[in-house]
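In what follows, a structure is listed as C-alpha cells, so that the remarks can point back to it.
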Amino acid sequence: MNRDKLYEVAKAGYAAFGVDVDAAVEAVLKQPISLHCWQADDVAGFETKPEGLSGGGILATGNYPGRARNGEEARADLTKAMSLIPGAQRVNVHASYMETDHFVDRDEVEVSGFQGWMDWAKAQGISLDFNPTFFAHPKAEDGFTLSHPDEAVRAFWIRHGKACRKIAEAMGRAQGSPCVLNWWTPDGAKDIPADRFGPRARMAASYDEIFADDSVDRTLCLDYLESKLFGIGSEEYVVSSAEFCADYALSRKIGLCMDMGHYHPTETIHGKISSHLQFMDSLLLHVSRPVRWDSDHVVLFNDDLKNVFLEIQRGGVWDRVRLALDFFDASINRIGAYVIGTRAARKAMLYARLDPTNLLQDLEVQGRNTERLALMEEFKSMPFGAVWDMLCEQASVPVGAEWLKAMNAYEKDVLLKRS
Ligand code: RNT
Ligand code: ZN
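In our numbering, the protein residues as written are -13 to 405.
See below:
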C-alpha cells in the first residue's frame, strides 16, 4: 500500500473515535519547538575568553568528532538538523554564545554580540529565545551566583541578568515575536549547609532587583524560572529548588520552567501541569530525558514524553505551554542527536493530538472506567506511524529513517573535516 492509502486507512480508524487526523497534523506542525544551540558544541559557548573557564556543573560526556567550534559552524549544523525536522522551530541561545572580537564580560553583554545569530535566524525565518549564563565563569566557580554571600559577586550577576533582559527584549522586537528568557542558576552546595534560608533570601532579593527594571517590555521579554533538584557539586542543596521557583514565579507573576530531568528519579512532571496551570498563565517545558539522574540524554518517544503531551492535550492547554529542548550528548553525531530528539518531541505532540480526549472524558464522567482504560490501551496500537509519515511528507522533510542519509553525508563532507 502506498503512503496516501495508509494515511486514509489510519484517518478512518481515528475518525471512528471522533479524532480529526488532518486537524491534528496541522496543529502539530504549527506549534514551535525551541532548539537549544548548546547541543552543537557540548555547552562550551563561543565567548572570547581571556582565562580558562570551567563548565560549572554542566557536563556533556563523549568525544564524537565534529563539535562546532564557533557560531558559524553551530549555525550550519543547526540549519542541517532543522532541514530534517518537521514543524515550526525556534532556536534557543545562551548568553555564553555571544560572538565578539574582544573580551566582553557577562555583566556587559549586549545585543550586538548576537547579531550573527539574529541575522541567521532572520534568514531562516525563525525566532530566537535566550538565556542568561550563570555558569562557566570564574565568578560562578564556588557554586553561587545570584545568591552569593559576597555582595559584589551578586551585583555582578544581577547586572548580567538585567543585561540579558535587554537583549531578549531587543531580539523580541527585531523578530516580531516575543523572546522567551529562561533563568537557571546553578547555586547550591555539595554538602549539608548550615544555612538554607540565607541563600534563598538573597536569591529572591536578586531576582526582585532584576525584575524591578520596568524599562523592559514584558510582552517582548518573557521571563521563566527553571528549578533543579541537584547538580554536580550541588548534591545536597539547590537554592532554586522546585518550591522556590514555583513560589517565586507565582508571587511575582513570572513564568515557571519545568525541566523533565530536574526531579527525583521516580518523579515525572506530567502530573504537575494541571496544578501549576490552575494558578499560572503559562509554563515553559524543558524537554529532556534523565537516565537515573539529570543526565540530559537525547529525548526519545517514550512514556514520559507521551504523558507530558497527553496532559497538555487532555487539559486543552496547548496555547499555555512553551516548548524548548534541553539535552546534550557528545557521544553520538550531534546533528543526529538534534534530529532524533526533536523528531521524538514532535512525534509525541502528534501522538497526544490523536488522543480521543472527548470520548475518554465522557466515559469518565459516566463512570465507565473499564472502557476508558480499554481505549487508552487500544490507542497505543492505532496506525500512528502512517500519520507521522504523512506529517513528515507534508512538512517536506525526509520520511522515516531516510534522514540518516543526509546526516551521514554531512558527517563525511563537513563534520569529519573539523579537526
Ligand atoms: C541545567 C538546566 C539548564 C541548562 C541550560 C544550558 O541543569 O537544565 O536549562 O541545561 O540552560
Ligand atoms: Zn533545562
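Glycine residues also receive a C-beta, built at the ideal position from the N, C-alpha and C atoms.
heavy atom of the ligand RNT below 7 Å from residue i C-beta
i	result
ILE178	no
GLY174	no
ASP312	yes
LYS398	no
VAL79	no
HIS88	no
ASN288	no
ASP27	no
ASP280	yes
ILE240	no
TRP103	no
HIS283	no
GLY4	no
TRP24	yes
GLY48	no
ILE44	yes
Proximity below 8 Å, CB of residue i to CB of residue j
i	j	result
ILE298	ASP63	no
ASP209	TRP170	no
LEU269	VAL285	no
ILE153	VAL97	yes
TYR0	LEU349	no
LYS333	PHE287	yes
PHE3	PRO342	yes
MET266	VAL225	no
ARG61	MET376	no
HIS262	ALA228	no
ARG140	SER213	no
ALA122	GLY31	yes
LEU336	ALA10	yes
LEU132	CYS150	no
ILE326	TYR50	no
GLY52	LEU401	yes
VAL77	SER20	yes
Strand pairing of residue i, partner residues [DSSP]
i	result
ASP115	ASN78
ASN168	TYR210
VAL284	Bridge partners of VAL284: none, in fact.
VAL224	GLY174
CYS23	For CYS23, which the question treats as bridged, DSSP gives no partner whatsoever.
LEU70	DSSP output for LEU70 lists no bridge partner at all.
C-alpha gap between residue i and residue j, whole angstroms
i	j	result
GLU155	ASP105	16 Å
ALA198	ALA81	21 Å
GLU33	MET(-13)	53 Å
ASN355	VAL307	29 Å
LEU242	LYS(-9)	44 Å
TYR423	PRO135	Beyond the ends of the chain as shown, which are -13 and 405, falls residue 423; an answer cannot be given.
SER260	GLY301	7 Å
ASN394	GLU388	11 Å
GLY219	GLU195	27 Å
ASP115	VAL294	22 Å
VAL373	ASP289	19 Å
TRP24	GLY353	48 Å
LEU309	ALA381	19 Å
TYR396	MET246	31 Å
SER113	GLN17	13 Å
HIS438	TRP103	No information on residue 438 is available, as it lies outside the stretch -13 to 405 that the chain covers here.
ASP128	GLY371	49 Å
Proximity test, residue i beta-carbon vs the ligand ZN heavy atom, cut-off 7 Å
i	result
TRP169	no
ASP245	yes
GLU212	yes
HIS146	no
SER163	no
SER220	no
SER227	no
SER274	yes
Start and end residues, alpha helix (DSSP H) containing residue i
i	result
VAL294	289 to 301
GLY48	Run containing GLY48: none; DSSP gives neither H nor E here.
VAL29	That residue, VAL29, is in no alpha helix (DSSP H); it is neither H nor E in DSSP.
GLN352	From DSSP, GLN352 is part of no alpha helix (DSSP H); its letter is neither H nor E.
MET84	MET84 -> no alpha helix (DSSP H), and no H or E assigned at all.
THR131	Premise fails: THR131 is in no alpha helix (DSSP H) and is neither H nor E.
TYR396	389 to 399
LYS16	7 to 16
LYS108	101 to 110
Boundaries (first-last residue) of the beta strand (DSSP E) holding residue i
i	result
VAL273	269 to 273
LEU311	307 to 311
MET215	The displayed chain sequence assigns Leu, not Met, to residue 215. Where LEU215 is concerned, there is no enclosing beta strand (DSSP E), given that its DSSP letter is neither H nor E.
LEU242	241 to 245
Any C-beta of chain D under 8 Å from that of residue i
i	result
ALA190	The chain labelled as chain D is not found in the depicted structure, where only one protein chain is given.
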